[in-house]
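K.L.:
Below you'll find the structure I mean.
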Amino acid sequence: AKAQGKNNYQFYDQSLEQQAMLQVKVERELREALQADELEPYFQPKIDLSTGEIIGAEILMRWFKPDGSSVPPDIFIPVAETTGLISQVGKKAIDSAFECISQWQSQGLSHLKLAINLSIIEFQDAELIRYLLSKCDESNECGSQLIIELTESIFMENKEVISRTMEQLRTRGIAFALDDFGKGYSSFSYLQILPIDYLKIDKAFLQGVTTNKQSAAITRTIIDIGHNLELSVIAEGVEDQATLDYVMRERCQSAQGYFLYKPMPRNDFNTLINQECQQ
Ligand code: C2E
Ligand code: CA
Ligand code: CA
Ligand code: CA
Numbered sequence: 354a355k356a357q358g359k360n361n362y363q364f365y366d367q368s369l370e371q372q373a374m375l376q377v378k379v380e381r382e383l384r385e386a387l388q389a390d391e392l393e394p395y396f397q398p399k400i401d402l403s404t405g406e407i408i409g410a411e412i413l414m415r416w417f418k419p420d421g422s423s424v425p426p427d428i429f430i431p432v433a434e435t436t437g438l439i440s441q442v443g444k445k446a447i448d449s450a451f452e453c454i455s456q457w458q459s460q461g462l463s464h465l466k467l468a469i470n471l472s473i474i475e476f477q478d479a480e481l482i483r484y485l486l487s488k489c490d491e492s493n494e495c496g497s498q499l500i501i502e503l504t505e506s507i508f509m510e511n512k513e514v515i516s517r518t519m520e521q522l523r524t525r526g527i528a529f530a531l532d533d534f535g536k537g538y539s540s541f542s543y544l545q546i547l548p549i550d551y552l553k554i555d556k557a558f559l560q561g562v563t564t565n566k567q568s569a570a571i572t573r574t575i576i577d578i579g580h581n582l583e584l585s586v587i588a589e590g591v592e593d594q595a596t597l598d599y600v601m602r603e604r605c606q607s608a609q610g611y612f613l614y615k616p617m618p619r620n621d622f623n624t625l626i627n628q629e630c631q632q
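Per UniProt numbering, residue 354 is the first one in the sequence shown, and the count goes up by one each step.
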């Protein structure tokens, strides 16, 4: 099995019937959770590898149930996507991001960037995009501190439409990262057509760089591609000093990972940012 349970939500090793029942259960609970506002944004700091400073964060959604248990995004995001509930998750992420960025602006922290994850499905949701545009227009240039990490949950069929939407969002200052590069369908053709600024190496490659020749070669190649295309390369999932040394040596621009900082609640993140700013 791919994952073992701290929770009762493993889709693996189950019959199709059990999976379908679980899907229905998660859907019902998620609908209620959205209403009860049980989703909470966590913030994982990103650091600049040449200075070691925090340059911003990525919002990762957490679902805590009243009984204290939690459901991981790898379980509830796919369910949200197939049931249409994802647009509410997306709205929550957008609202959280704008709230945080406007606070930064009031503190004069205009150098920090905040990233949210939007899947291709959310990206094709015209209403959600309109919502995002209106948030940009209502705010004082908050868009220029926002990064959208585009994650691919389904094969990207209409790249032209997506690319046009991206161009429209770029007029509000929003930047784009291609998430999970090298994994799944994510392919070179996106690099050709989509207007992106950052390339994010999936942690699955990085986790082997210090022990596995293949992973090291693939990672090095991805970094080269990013640099040749003049993209900023972000390493995710840095779990130890050796991996951090590796991505620094290979000249990734920035990094995230448990070795640096784990995703944390908003208050802890604020405290961390304020400490950094006083130094
Ligand atoms: P992702 O965007 O690729 O995010 C990276 C995942 O790796 C996160 O898992 C993060 O908590 C985890 N991570 C960070 N550092 C380390 C590390 O050093 N080691 C390891 N092993 N893992 C690390 P998480 O938070 O469980 O999220 C899983 C996926 O769910 C995300 O993958 C993203 O695709 C999706 N997701 C999370 N929040 C949202 C959201 O608001 N909207 C959408 N559409 N997707 C989201
Ligand atoms: Ca991401
Ligand atoms: Ca992902
Ligand atoms: Ca990833």
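We treat Cβ as the ideally placed atom computed from N, Cα and C, and that holds for glycine.
What you are looking at is a predicted structure, and each value in this text was computed from that prediction instead of being measured.
For I408, I'd like the list of residues in its chain whose CB is within less than 7 Å of its CB, leaving aside the five on either flank, ordered along the chain.
P.N.:
Within the sequence shown, residue 408 is the residue found at index 55, counting from 1. K399, I400, D401, L465, K466 and S607, listed in sequence order.
K.L.:
For the candidate residues A389, P431 and E589, whose alpha-carbon lies nearest to that of L531?
P.N.:
Counting from one through the sequence shown, the residue named residue 531 turns up at place 178. Measuring from the Cα of L531, the nearest candidate turns out to be E589.
K.L.:
Out of Q397, T404, D390 and E434, which one is the CA nearest neighbour of E380?
P.N.:
Sequence index remark: in the sequence shown, residue 380 carries index 27 (1-based). Cα-wise, what sits closest to E380 is E434.
K.L.:
Cβ of E434 within 6 Å of any heavy atom in ligand 2?
P.N.:
For the purposes of this step, residue 434 is taken as residue 81 along the sequence shown, with counting starting at 1. No, ligand 2 has no heavy atom inside 6 Å of this Cβ.
K.L.:
Excluding the five sequence neighbours on either side, which residues of its own chain have a C-beta within less than 6 Å of the C-beta of L552, listed in chain order?
P.N.:
On the sequence shown, position 199 is the one that residue 552 refers to. Same-chain partners within the cutoff: L531, F534, G579, L584 and V586.
K.L.:
Out of K445, S449, S368 and N493, point me to the one whose CA is closest to S463's CA.
P.N.:
Your numbering for residue 463 matches position 110 in the sequence shown. Of K445, S449, S368 and N493, the residue nearest in Cα terms is N493.
K.L.:
Is I447 near L485, with beta carbons less than 7 Å apart?
P.N.:
For the purposes of this step, residue 447 is taken as the residue at position 94 of the sequence shown. For the purposes of this step, residue 485 is taken as the residue at position 132 of the sequence shown. In this structure, L485 lies closer than 7 Å to I447 by Cβ.
K.L.:
Within 6 Å: the Cβ of D533 and any heavy atom of ligand 4?
P.N.:
Reading the sequence shown from its first residue, position 180 is the one you call residue 533. Under cutoff, so the answer is yes.
K.L.:
Residues in its own chain within less than 8 Å of D550 by CB, not counting five upstream and five downstream?
P.N.:
By 1-based counting over the sequence shown, the position of residue 550 is 197. Closer than 8 Å at Cβ, skipping near neighbours: I500, A528, F529, A530, L584 and S585.
K.L.:
Using only the alpha-carbon positions, how far apart do G610 and F558 sit?
P.N.:
Against the sequence shown, residue 610 aligns to sequence position 257. Against the sequence shown, residue 558 aligns to sequence position 205. Looking at the two C-alpha atoms, the distance is approximately 13 Å.
K.L.:
When the Cα atoms are used, what is the spatial distance from P419 to L392?
P.N.:
As a working mapping, residue 419 is identified with position 66 in the sequence shown. As a working mapping, residue 392 is identified with position 39 in the sequence shown. Looking at the two C-alpha atoms, the distance is approximately 11 Å.
K.L.:
May I ask you to report which of helix, strand or coil DSSP gives S403?
P.N.:
Taking the sequence shown and counting its residues from 1, the one referred to as residue 403 is at position 50. S403 falls in the coil class under three-state DSSP.
K.L.:
Count the other C-beta atoms from every protein chain shown that fall within 10 angstroms of the C-beta of A615, then say buried if there are 16 or more, exposed otherwise.
P.N.:
Residue mapping note: residue 615 aligns to position 262 of the sequence shown, counting from 1. Note that residue 615 is Lys in the sequence shown, not Ala. Exposed.
K.L.:
Rounded to whole angstroms, what is the Cα-Cα separation between Q388 and S497?
P.N.:
Position 35 of the sequence shown, counted from the first residue, corresponds to residue 388. Position 144 of the sequence shown, counted from the first residue, corresponds to residue 497. Approximately 30 Å, taken between the alpha carbons.
K.L.:
Check whether the Cβ of E475 lies closer than 6 Å to any heavy atom of ligand 2, and answer yes or no.
P.N.:
Within the sequence shown, the letter at position 122 stands for residue 475. Answer for E475: no, Cβ out of range of ligand 2.
K.L.:
Ligand 1 and M414: does the residue's C-beta get closer than 6 Å to at least one heavy atom of that ligand?
P.N.:
Working through the sequence shown from its first residue, we reach residue 414 at position 61. Yes, Cβ of M414 sits closer than 6 Å to a heavy atom of ligand 1.
K.L.:
Relative to the alpha-carbon of Q631, which residue among G437, S542, G461 and T436 has its alpha-carbon at the smallest distance?
P.N.:
Here residue 631 refers to the residue found at position 278 of the sequence shown. When each option's Cα is compared against that of Q631, the closest is G461.
K.L.:
May I have the straight-line CA-CA distance separating E507 from I474, to the nearest angstrom?
P.N.:
In the sequence shown, counting from the first residue as 1, residue 507 sits at position 154. In the sequence shown, counting from the first residue as 1, residue 474 sits at position 121. Checking the displayed sequence, the identity of residue 507 turns out to be Ile instead of Glu. One C-alpha to the other measures close to 7 Å.
K.L.:
Suppose you measure from the CA of D598 to the CA of V591; what does that come to, to the nearest Å?
P.N.:
The residue given as residue 598 occupies position 245 in the sequence shown. The residue given as residue 591 occupies position 238 in the sequence shown. Answer to the nearest angstrom: the Cα atoms are 10 Å apart.
K.L.:
Please classify Q521 as buried or exposed, where buried requires at least 16 neighbouring CB atoms within 10 angstroms.
P.N.:
To locate residue 521, count along the sequence shown from 1; it is residue 168. By the 10 Å Cβ count, Q521 comes out exposed.
K.L.:
Could you name the residues of the same chain whose beta carbon sits closer than 8 Å to that of V432, not counting the 5 residues immediately before and after it, in chain order?
P.N.:
Numbered from its first residue, the sequence shown carries residue 432 at position 79. Cβ within range, chain order: Q376, V379, E380, L383 and L438.
K.L.:
Does any heavy atom of ligand 1 sit closer than 6 Å to the C-beta of D621?
P.N.:
As a first step, residue 621 is located in the sequence shown; it is residue number 268 there, counting from the start. For ligand 1, not one heavy atom lies less than 6 Å from the Cβ of D621.
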